[in-house]
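**Student:** When you number the sequence shown by our numbering, it's gap-free, plus one each residue, and the end is 395. For every residue, glycine included, the Cβ atom is placed at its ideal position computed from N, Cα and C. This is the structure I want to talk about, given as structure tokens.
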Amino acid sequence: MRLKLNRFNPQKNIVSLNNINKFYGNKLILNQINLDVFNSEFITILGPSGCGKTTLLRIIAGFEKIDSGQIIIDDETVNEQVPEKRTVNTVFQSYALFPHMNVFENVAFGLKMKRVKKEDIKTKVINTLKMVQLESYYDKMPSQLSGGQQQRVAIARAVINEPKVLLLDESLSALDYKLRKRMQLELKQLQRKLGITFIFVTHDQEEALSMSDRIVVLKNGQIEQIGSPKEIYENPNNLFVAKFIGEINIFDAIVVNRVNDEYILINIESKQKKIKYSKPVKNGQKLKVLLRPEDIKIKEIKDIKNLDFVDTFLGHVNERTYKGSTLESIIELESGLKIMVSEFFNEDEPDVDHKIGQKVSVDWIENWEVILENENENENNNTIL
Ligand SMILES: Nc1ncnc2c1ncn2[C@@H]1O[C@H](COP(=O)(O)OP(=O)(O)OP(=O)(O)O)[C@@H](O)[C@H]1O
Ligand SMILES: [Mg+2]
């Protein structure tokens, strides 16, 4: 077992998918998938139910054939290669441990099949169980283990064969919230220690953000965006990605004119605002301005006469939800649009604890907005489950 602290190497591809198409019957399930997975990275396939995540894993593992395209694993084209020959291993959603075998026997199974010497099997199994902190459970049956422990056995059973790539399909989804959080951390640490490439599938955006080096957002069998969690969250390519990853407020805007190379003037919520946007625009063009709840600043209005609200929006607090360290407020703007704002509690700013009905001004820090060209929002809505 290779034990080394690892950062992924973007220079070397371990898996390349080139122009992959996959049909079930006459339904196109994967549509022109192009994806390079780097050696030793933790990459997550994220998307709503039915978008093709499991199918993508199954074609990498070799359980499903593709209709066109090329799959390369470790510099070898494997389109026709059977699953046993591929240097990948899969941990399925249901861990599928052998119920009549104890933990040791479950983990040893792959090595036994390969006719590894008994003594070597013992050393390897013990070392692998140590890695997932289950060495004292070696003689327990799967039915005597918790969900999290079973999941760790399944991972131990997969990594003992030293695959170059580990495919994990919704491996944490059966666990309760606390255990799931702990396993997320453990899995990430294990991946770093082993240096094995993890291709992880989830429909949970929070899980994807916290665990991955890169995220691939999939929708209806097509890749919508590939990027680091920060890129995906802060610079979504389109409305689907923006809405799928976390909460986001969407404003309609119209271009008034270009001010200079960097800035344009827009009409938004009946106000004119200067925003940074260097792509070409036409006067009158529709845009969407997107803001995360934590990027919006609100200020309670005590005395409306003394303040200048020329380019800030006005509204009132419609709802408030206490979230521990933050307060989430729904603000209804004068136009009737409801937006979500998330503020951290701060002892020095007693204003954060707003009353329902409180009048507020709404603004944001310049340049924190995401601007997208107008696209049909409803079309996107339908696909989010
Ligand atoms: N063996 C099959 N035969 C026919 N259609 C299939 C088969 N397997 C999957 N599909 C269809 O392919 C599409 C993608 O399924 P897939 O299991 O890859 O989705 P998924 O993204 O993993 O969803 P989930 O998050 O619910 O697990 C779905 O529309 C599904 O109904
Ligand atoms: Mg699935």
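Does DSSP put Leu13 in a helix, in a strand, or in coil?
**Tutor:** With a pLDDT of only 45 at Leu13, under 50, the local geometry of the prediction cannot be trusted, and the value read off the model is given with reservation. Leu13 carries a coil assignment under DSSP once its states are collapsed to helix, strand and coil.
**Student:** Which whole-angstrom value is the C-beta distance of Val113 and Lys150, which I expect to be below 8 Å?
**Tutor:** 5 Å
**Student:** Looking at Thr100 and ligand 1, is the gap between the Cβ and the nearest heavy atom below 7 Å?
**Tutor:** no
**Student:** Among residues of its own chain, excluding the 5 on either side of Asn23, which ones have a beta-carbon nearer than 8 Å to its beta-carbon?
**Tutor:** Asp46, Val47, Phe48, Asn49 and Ile82
**Student:** Between the Cα of Val266 and those of Ala252, Lys284, Glu272 and Gly256, spot the shortest distance and give me the residue it belongs to.
**Tutor:** Out of Ala252, Lys284, Glu272 and Gly256, Lys284 has the C-alpha closest to the C-alpha of Val266.
**Student:** From the DSSP output, which residues share a beta bridge with Asn31?
**Tutor:** Ser78
**Student:** Using a threshold of 8 Å, state whether the C-beta atoms of Leu38 and Gly231 are closer than that.
**Tutor:** yes
**Student:** Between Lys312 and Phe323, what straight-line distance do the alpha-carbon atoms span, to the nearest angstrom?
**Tutor:** 15 Å
**Student:** Considering just the uninterrupted stretch of the beta strand (DSSP E) at Ile48, what are its terminal residues?
**Tutor:** Reading the sequence as shown, one finds Phe at residue 48 and not Ile. Lys37 to Asn49 is the extent of the beta strand (DSSP E) around Phe48.
**Student:** What are the start and end residues of the beta strand (DSSP E) that includes Phe52?
**Tutor:** Per DSSP, Phe52 belongs to the beta strand (DSSP E) from Phe52 to Leu56.
**Student:** Are the region 24–36 and the region 196–205 touching, with three or more C-beta to C-beta distances below 8 Å?
**Tutor:** no
**Student:** To the nearest angstrom, report how far apart Glu272 and Tyr243 are at their CA atoms.
**Tutor:** 23 Å
**Student:** Measuring only the C-alpha atoms, how far is Asn247 from His213?
**Tutor:** 19 Å
**Student:** For Arg268, report the span of its beta strand (DSSP E) as first-last.
**Tutor:** Asn259 to Arg268
**Student:** Distance check for Glu86 and Val126, CA to CA, integer angstroms please.
**Tutor:** 26 Å
**Student:** Just tell me which of Lys132, Val169, Thr133 and Thr64 has its CA closest to the CA of Val98.
**Tutor:** Val169
**Student:** Relative to the alpha-carbon of His364, which residue among Ile258, Ile381, Asn377 and Gly325 has its alpha-carbon at the smallest distance?
**Tutor:** Residue Gly325 holds the alpha-carbon nearest to the alpha-carbon of His364 among Ile258, Ile381, Asn377 and Gly325.
**Student:** Could you tell me which whole alpha helix (DSSP H) segments of length 4 or greater appear in the region 105–155?
**Tutor:** 113–123 and 128–141
**Student:** Which of helix, strand or coil does DSSP assign to Asn391?
**Tutor:** Note on Asn391: pLDDT 44, under 50, position unreliable in the model; the coordinate value appears next. Asn391 falls in the helix class under three-state DSSP.
**Student:** Per DSSP, what kind of secondary structure is Ile255 in: helix, strand or coil?
**Tutor:** coil
**Student:** Could you work out which residue in Tyr187, Phe52 and Leu301 is closest to Asp223 when comparing CA atoms only?
**Tutor:** Phe52
**Student:** Give the DSSP-derived three-state secondary structure of Gln91 in the structure shown.
**Tutor:** coil
**Student:** Distance, Cα to Cα, Met111 vs Lys132?
**Tutor:** 15 Å
**Student:** How far does the alpha helix (DSSP H) with Thr65 in it extend, from its first residue to its last?
**Tutor:** Counting along the chain, the unbroken alpha helix (DSSP H) around Thr65 starts and ends at Lys63 to Ala71.
**Student:** Using a strict less-than 5 Å threshold between each residue's beta carbon and the heavy atoms of ligand 1, what residues do you get?
**Tutor:** Tyr34, Ile39, Ser59, Gly60, Cys61, Gly62, Lys63, Thr64, Thr65 and His213
**Student:** Could you spell out where the alpha helix (DSSP H) holding Ile165 opens and where it closes?
**Tutor:** Gly157 to Val169
**Student:** Roughly how many whole angstroms lie between the Cα atoms of Val226 and Ser156?
**Tutor:** C-alpha separation (whole angstroms): 31 Å.
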